[in-house]
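In my numbering, the protein residues as written are 66 to 426.
Here it is as structure tokens:
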């Protein structure tokens with residue numbers, strides 16, 4: 066039988082979110098219903114609300130989530146009722162050209178639930194990143210569920226569903242940071258600080274945090290940065306070069322995603338160094354640079370999608386590292402809120418006073 070739950074939707078562009086009744090249908094053959102225990106408030110949800118992703122309103126927001134499997138479809142084999150899972154938006158298909166080439170982290174045909182969740186009047190909802198977890202329950206494909214240790218804190222490990230994994234993977238999977246590397250991270254919100262934590266775990270010797278907010282730089286130090294640059298007072302490129310023997314960093318990660326920060330990342334790297342773009346630009350942003358600079362400096366210019374992760378490979382490992390005390394994921398949870406507090410959390414996000422607000426139920 067379909068179930069009616071409370072969920073947070075964005076009904077139209079730029080307007081405040083609403084807490085409404087949401088109908089969860091019975092799962093299709095490969096779908097599961099998840100009882101959501103926690104879901105982080107990510108900037109991507111704000112982008113959905115403000116129409117910066119697409120215009121397929123109304124959206125059921127929320128995607129950085131963890132919970133317990135409540136119901137499964139007839140053909141589900143990956144998980145069982147009662148399993149504690151982290152939700153992800155990369156349920157690899159195994160058959161597309163990326164998967165066939167052994168690069169499933171670029172999968173072009175990820176799975177989602179076979180049925181829509183709806184409003185009370187039958188209007189179909191578009192779930193954020195195919196998940197829609199600002200709700201008491203949600204419907205997803207079994208491939209969007211990664212089983213992890215049930216003793217882990219849902220509010221903490223749920224963040225691996227997007228932002229923390231994106232930043233960590235940008236350093237480790239995309240940037241290939243290794244022992245002794247110098248790393249600079251531009252933008253020290255949740256994604257940037259996760260990149261810093263990843264670089265520290267990978268053994269980087271110099272980790273430079275760059276931001277314009279003094280409190281964010283303090284968070285970055287707490288998560289593993291060895292040096293900070295206040296971009297409101299110093300030239301980012303000159304400061305990074307000064308901290309790396311005049312050469313620039315081996316890997317520079319742009320966790321902001323603006324033309325000016327990408328240029329800073331480009332010129333702040335060492336010759337033949339690596340730039341990783343993990344901050345998401347808006348569709349109207351453009352970049353103009355001398356082509357000779359791209360040629361003469363060599364190296365790698367990369368974009369990182371969801372930290373180039375494989376959820377079933379990477380999420381359990383990071384949960385284990387967290388439980389061993391080697392990866393301080395708990396430091397990313399600034400506050401725990403209720404479903405009715407999401408709009409206020411967006412305002413808090415704008416003020417830059419949190420790493421993550423997390424809805425807990």
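Beta carbons are placed, not taken as given, at the ideal position from N, Cα and C, and that holds for glycine.
Residue 168 versus 178, 179 and 155, residue with shortest Cα-Cα distance: Counting from one through the chain shown, the residue named residue 168 turns up at place 103. The shortest Cα separation from residue 168 among 178, 179 and 155 belongs to 155.
Taking 7 Å as the cut-off, decide whether the C-beta atoms of residue 268 and residue 320 are in contact. Here residue 268 refers to the residue found at position 203 when the chain shown is read from its first residue. Here residue 320 refers to the residue found at position 255 when the chain shown is read from its first residue. For residue 268 and residue 320, no; Cβs fall outside 7 Å.
Can you tell which of 262, 265, 248 and 299 has its C-alpha closest to the C-alpha of residue 279? What you label residue 279 is simply residue 214 of the chain shown in a count that begins at 1. For the residues 262, 265, 248 and 299, the minimum Cα distance to residue 279 belongs to 299.
When the distance is taken between beta carbons, is residue 130 closer than 7 Å to residue 510? Because the chain is modelled from 66 through 426, residue 510 falls outside the range shown and cannot be assessed.
Identify every run of the beta strand (DSSP E) within the region 253-314, keeping only runs that are complete inside it and at least 3 residues long; order them along the chain. 271-276 and 292-295
Looking at residue 255 and residue 236, is the spacing between their C-beta atoms short of 7 Å? As a first step, residue 236 is located in the chain shown; it is residue number 171 there, counting from the start. As a first step, residue 255 is located in the chain shown; it is residue number 190 there, counting from the start. Between residue 236 and residue 255, the CB-CB gap reaches or exceeds 7 Å.
Cutting at 6 Å between CB atoms, please list the residues of its own chain near residue 138, excluding the five before and the five after it. The residue you call residue 138 lines up with position 73 of the chain shown. Closer than 6 Å at the Cβ level, and outside the excluded window around residue 138, lie 92, 93, 94, 95 and 96.
Element boundaries [beta strand (DSSP E), containing residue 385]: Position 320 of the chain shown, counting from 1, holds the residue named residue 385. From DSSP, residue 385 is part of no beta strand (DSSP E) but of the alpha helix (DSSP H) over 376-388.
Exposed or buried, which one is residue 233 when buried takes at least 16 other CB atoms within 10 Å? On the chain shown, position 168 is the one that residue 233 refers to. Buried, by the Cβ-count rule.
Identity of the residues DSSP links to residue 152 by a beta bridge: Taking the chain shown and counting its residues from 1, the one referred to as residue 152 is at position 87. Answer by DSSP bridge pairing, in chain order: 210.
Rounded distance between the beta-carbons of residue 70 and residue 222, thought under 8 Å: In the chain shown, the residue the question calls residue 222 occupies position 157. In the chain shown, the residue the question calls residue 70 occupies position 5. 22 Å between Cβ atoms; not a contact.
Coil, strand or helix - residue 229 by DSSP: Stepping through the chain shown from its first residue, residue 229 is reached at position 164. Residue 229: helix per DSSP, three-state reduction.
Check whether the Cβ atoms of residue 423 and residue 198 lie closer than 7 Å to each other. Your numbering for residue 423 matches position 358 in the chain shown. Your numbering for residue 198 matches position 133 in the chain shown. No. Outside cutoff.
Please identify the residue among 416, 370, 347 and 394 whose C-alpha is closest to the C-alpha of residue 153. Start at 1 with the first residue of the chain shown, and residue 153 comes out as number 88. Selected option, being the one with the closest Cα: 370.
Inter-residue Cα distance where the pair is residue 182 and residue 190: Counting from 1 along the chain shown, the entry for residue 182 is found at position 117. Counting from 1 along the chain shown, the entry for residue 190 is found at position 125. Taking the straight line from one Cα to the other gives about 6 Å.
My guess is that residue 124 and residue 193 are in contact by the Cβ rule of under 8 Å, so how many angstroms apart are they, rounded? In the chain shown, residue 124 corresponds to position 59, counting from 1. In the chain shown, residue 193 corresponds to position 128, counting from 1. Between residue 193 and residue 124 the Cβ distance is about 6 Å, and since that is below 8 Å, they are a contact.
Excluding the 5 residues preceding and the 5 following residue 163 in the sequence, name in chain order all residues of the same chain whose CB lies nearer than 6 Å to its CB. By one-based count along the chain shown, residue 163 stands at place 98. Only 171, 172 and 173 meet the Cβ criterion.
Using three-state DSSP, classify residue 238 as helix, strand or coil. Position 173 of the chain shown, counting from 1, holds the residue named residue 238. Correct three-state label for residue 238: helix.
Is it buried or exposed for residue 429, if we count other Cβ within 10 angstroms and need 16 for buried? A question about residue 429 goes unanswered here, because the residues of the chain that appear run from 66 up to 426.
Cα-Cα separation between residue 188 and residue 335, rounded to whole angstroms: Residue 188 sits at position 123 when you count from the first residue of the chain shown. Residue 335 sits at position 270 when you count from the first residue of the chain shown. Their Cα atoms are separated by approximately 53 Å.
Excluding the 5 residues preceding and the 5 following residue 386 in the sequence, name in chain order all residues of the same chain whose CB lies nearer than 6 Å to its CB. Mapped onto the chain shown, residue 386 falls at position 321. Counting only Cβ-Cβ distances below 6 Å, and skipping sequence neighbours, we find 392.
Between which two residues does the beta strand (DSSP E) containing residue 249 stretch? As a working note, residue 249 is residue 184 in the chain shown. Unbroken beta strand (DSSP E) run through residue 249: 247-251.
Only counting the same chain, and skipping five residues up and downstream in sequence, which positions put a Cβ closer than 8 Å to that of residue 144? Here the question's residue 144 lines up with position 79 in the chain shown. Taking C-beta separations shorter than 8 Å and ignoring five residues to either side along the sequence, the partners of residue 144 in its chain run 97, 134, 137, 150, 207, 210 and 212, following chain order.
In the DSSP assignment, what residue or residues form a beta bridge with residue 183? Start at 1 with the first residue of the chain shown, and residue 183 comes out as number 118. Paired residue(s): 88 and 189.
Buried versus exposed call for residue 373 [16 or more other C-beta atoms within 10 Å across all chains shown]: By 1-based counting over the chain shown, the position of residue 373 is 308. Here residue 373 is buried, its C-beta having at least 16 other C-beta atoms within 10 Å.
Candidates 301, 261, 304 and 296: closest to residue 284 by CA position: Counting from one through the chain shown, the residue named residue 284 turns up at place 219. Among 301, 261, 304 and 296, the Cα nearest to that of residue 284 is on 261.
Helix, strand or coil at residue 143 [DSSP, three-state]: For the purposes of this step, residue 143 is taken as residue 78 along the chain shown, with counting starting at 1. Here residue 143 sits in coil by DSSP.
Apart from the five residues on each side of it in sequence, which residues of its chain come closer than 6 Å, Cβ to Cβ, to residue 244? What you label residue 244 is simply residue 179 of the chain shown in a count that begins at 1. Exclusion of the five residues before and after residue 244 leaves 268 as the residues of its chain whose Cβ lies within less than 6 Å of its Cβ.
Going along the chain, which unbroken runs of the alpha helix (DSSP H) with 4 or more residues stay wholly within the region 99-134? The alpha helix (DSSP H) runs lying completely inside the region 99-134 and spanning 4 residues or more are 108-114, given in chain order.
Verify whether the separation of the beta carbon atoms of residue 445 and residue 82 is less than 7 Å. The displayed coordinates of the chain run from 66 to 426. Any statement about residue 445 would go beyond what the structure contains.
Give every residue of the same chain whose Cβ lies closer than 6 Å to the Cβ of residue 290, excluding the five residues on either side of it in the sequence, and list them in chain order. Position 225 of the chain shown, counted from the first residue, corresponds to residue 290. Cβ within range, chain order: 261, 272 and 274.
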